[in-house]
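Asker: Dropping a structure here in structure tokens format, bear with me for questions.
Numbering (my numbering), first residue to last: 88 to 238.
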């Protein structure tokens, strides 16, 4: 694997461990040329499925987009990157199962999956994500969501 520090392609694997119920492998690597250590992740390449947007458009599922949204909600919260990776993998797995034979899932279903996971992980992140996802139009809607999260 190419070193992100010097660009050399020779490295050695220092440590490997499985994540997300065996669906992902995390490897710590060390560049032979410069000694820089970095982490890589291996995932099983799934058959892609389509996401049906609110306006009816269809686009391929983008794991990075999902991960970015969850990371933004969890920004400056006490949740590790490893935990975020597991959340994303669990949601992706659930979405694959929910997409059925036609390999399509609506964004609303995907959003509800994210809300459900964030609710159990971090209530502040849940509120952050809900405020964008549910597009609150006034303060009362926001306050009601906070009250719901407190229960």
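All C-beta atoms, glycine included, are put in the ideal place defined by N, C-alpha and C.
No experiment lies behind these values; they were computed from the predicted model shown.
Work out the CA separation of residue 181 and residue 125 for me, nearest whole Å.
Answerer: Reading the chain shown from its first residue, position 38 is the one you call residue 125. Reading the chain shown from its first residue, position 94 is the one you call residue 181. Their backbone Cα atoms lie some 30 Å apart in a straight line.
Asker: Counting along the chain, where does the alpha helix (DSSP H) carrying residue 216 start and finish?
Answerer: As a first step, residue 216 must be located in the chain shown, where it is residue number 129. 210-220 is the extent of the alpha helix (DSSP H) around residue 216.
Asker: Runs of 3 residues minimum, wholly inside the stretch 114-176: which ones carry the beta strand (DSSP E) assignment?
Answerer: Here the runs fully enclosed are 124-130, 137-139, 145-147.
Asker: Considering only C-alpha positions, which residue in the set 190, 210, 229, 200 is nearest to residue 237?
Answerer: The sequence position of residue 237 within the chain shown is 150, counting from 1. It is 210 whose Cα lies nearest to the Cα of residue 237.
Asker: Within 10 angstroms of the Cβ of residue 121, are there 16 or more other Cβ atoms? Answer buried if so, exposed if not.
Answerer: What you label residue 121 is simply residue 34 of the chain shown in a count that begins at 1. Exposed is the call here.
Asker: With a threshold of 16 other CB atoms inside 10 Å of the CB of residue 96, please say whether the residue is buried or exposed.
Answerer: Here residue 96 corresponds to residue number 9 of the chain shown, with the count starting at 1. Label assigned to residue 96: exposed.
Asker: With residue 179 and residue 171 assumed to form a contact (beta carbons below 8 Å), what rounded beta-carbon distance in angstroms separates them?
Answerer: As a working mapping, residue 179 is identified with position 92 in the chain shown. As a working mapping, residue 171 is identified with position 84 in the chain shown. About 12 Å; that fails the 8 Å criterion.
Asker: Nearest by alpha-carbon distance to residue 115: which of 147, 128, 106, 193 is it?
Answerer: The sequence position of residue 115 within the chain shown is 28, counting from 1. Ranking 147, 128, 106, 193 by Cα distance to residue 115 puts 128 first.
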